Amino acid sequence: MASAGSHLSWPPIQGIISDLDGVVYRGHAAIADAIGAFARWQTAGLRFCFVTNNSTHTPEDVVRKLEGHGLAIAPEQVVTSAVTAAELIRAKYPELRRVYVIGAPSLVKALVGAGLEVTERTPEAVVMGLDREITHEKMRIAVDAILNGAAFIGTNPDLLLPTASGFEPGAGAAIAAIAAATQVRPLIAGKPEPHMIETALSRLGTARDSTILIGDQIQTDIQAGKRAGLPSVLVTTGVPAREDPSLKPPDFIVSSLGEIDVTATLSGPSRQRRV
Ligand SMILES: [Mg+2]
């Protein structure tokens, strides 16, 4: 496992796919180094796209939040697990029309935006994301639909989410309950699955080996990056790493995004800087 960003030999970087929470901001607080790095990369003409397992915000919500931190981007530069779930249904089940949703309004918006009808009447798929108003009745409808043959799609597998005072159950906890009840394994849209990274990559249009993945969690971000075949960078500004030998390690570890060296791309390989 590599470490100490300034001593690394970075590949020529044309594109960047980055996580948000724990990388660019922590809750409501911006991570200044990261905002500064993205602002410089934007000026330098590097293409970047953000990927987030959070299905409770729309891309437009993220744009507004980053604008508040001083970084102006377009909604197309944000891929959420809700957007990915909608794209996944379109790609995998092109005939499917009716979906039942347990999740936030942003998830409903993404699915409706993909031409799907959100209904509890004979749904052909159940899509689950984080729903802070989940009820037993919603779970009953989901279980019934899945047992009747509806496809089962989950936005993201995160079990625990940090809060100001501790933790709350993530989407993955409720998805696991429905999976246990039905004995059906869900198709997961978010990280560590690679679908979200593939969506981001197709939006960037950059080559796989010159597009880096940046994240703060080995078990989600880095695994998704590795599965998609991208050089993957762990930044140690977010969730502390858990030792797990079954997980693929990152290719690079940095303590600040300022350590990522993009000069090889910007000035050509002959002038690659080695510190
Ligand atoms: Mg994160």
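So for the sequence shown, my numbering puts the first residue at 1051; every next one is plus one. The beta-carbon is built from N, C-alpha and C at its ideal position, and this holds for glycine as well. Here the structure is a predicted model, which is why all the values come from computation and not from measurement.
**Asked** Are at least three pairs of beta-carbons, each pair with one atom in the segment 1297 to 1307 and one in the segment 1082 to 1095, less than 8 Å apart?
**Response** yes
**Asked** Under a Cβ-count criterion, where at least 16 other Cβ atoms within 10 Å of its own Cβ denotes burial, should Glu-1137 be classed as buried or exposed?
**Response** buried
**Prompt:** CA-CA distance, His-1078 and Ala-1164?
**Reply:** 30 Å
**Prompt:** By how many angstroms is the C-alpha of Leu-1251 removed from the C-alpha of Arg-1190?
**Reply:** 37 Å
**Asked** What residue from Pro-1295, Pro-1062, Val-1101 and Glu-1174 has the CA that sits closest to Gly-1072's CA?
**Response** Val-1101
**Request:** Could you check what DSSP says for Arg-1148 in three-state terms: helix, strand or coil?
**Result:** strand
**Status (buried if at least 16 other CB within 10 Å, exposed otherwise) for Asn-1198** = exposed
**Request:** Give the secondary structure of Arg-1171 by DSSP, where H, G and I count as helix, E and B as strand, and everything else as coil.
**Result:** coil
**Message:** Can you look up Arg-1324 in the DSSP assignment and give me helix, strand or coil?
**Reply:** With a pLDDT of 42 at Arg-1324, under the threshold of 50, the modelled position of this residue cannot be trusted, and the question is left open.
**Request:** Tell me whether Thr-1249 sits in a helix, a strand or coil according to DSSP, three-state version.
**Result:** helix
**Message:** Using only the alpha-carbon positions, how far apart do Gly-1095 and Val-1112 sit?
**Reply:** 21 Å
**Item:** Pick from Val-1283, Ile-1152, Pro-1062 and Ala-1141 that is closest to Ala-1224, judged by C-alpha positions
**Value:** Ile-1152
**Item:** For Glu-1174 and Ala-1278, the rounded distance between their alpha carbons
**Value:** 29 Å
**Request:** Kindly give me the distance between the Cβ atoms of Pro-1207 and Gly-1240, rounded to whole angstroms, as I take these residues to be in contact under 8 Å.
**Result:** 7 Å
**Asked** Can you tell me whether His-1245 is buried or exposed, with buried defined as 16 or more other CB within 10 angstroms of its CB?
**Response** buried
**Message:** Measuring alpha carbon to alpha carbon, tell me which residue in Asp-1181, Thr-1169, Asp-1194 and Arg-1076 is nearest Pro-1219.
**Reply:** Asp-1181
**Request:** For Gln-1269, collect the residues of the same chain with a Cβ closer than 8 Å to its Cβ; drop the 5 residues on either side in sequence, then sort them by chain order.
**Result:** Pro-1242, Arg-1292, Asp-1294 and Leu-1297
**Asked** With a CB to CB cut of under 6 Å and the five nearest residues on each side skipped, what residues in its chain are close to Leu-1070?
**Response** Phe-1100 and Thr-1102
**Request:** For Phe-1098, count neighbouring C-beta atoms within 10 Å of its own C-beta (all shown protein chains included) and say buried if the count is 16 or more, exposed if not.
**Result:** buried
**Request:** Taking 8 Å as the cut-off, decide whether the C-beta atoms of Leu-1157 and Gly-1179 are in contact.
**Result:** yes
**Message:** Which residue wins for smallest C-alpha separation from Val-1168, given the options Ala-1226, Arg-1147, Gln-1233 and Asp-1301?
**Reply:** Arg-1147
**Prompt:** Is there at least one non-hydrogen atom of ligand 1 closer than 7 Å to the beta-carbon of Val-1176?
**Reply:** no
**Message:** When you measure from the CB of Gly-1204 to every non-hydrogen atom of ligand 1, does any distance come out below 7 Å?
**Reply:** no
**Message:** Among the candidates Glu-1117, Thr-1205 and Ile-1063, whose CA atom is the shortest distance from the CA of Ser-1131?
**Reply:** Thr-1205
**Request:** Using a threshold of 8 Å, state whether the C-beta atoms of Ile-1196 and Ile-1238 are closer than that.
**Result:** no
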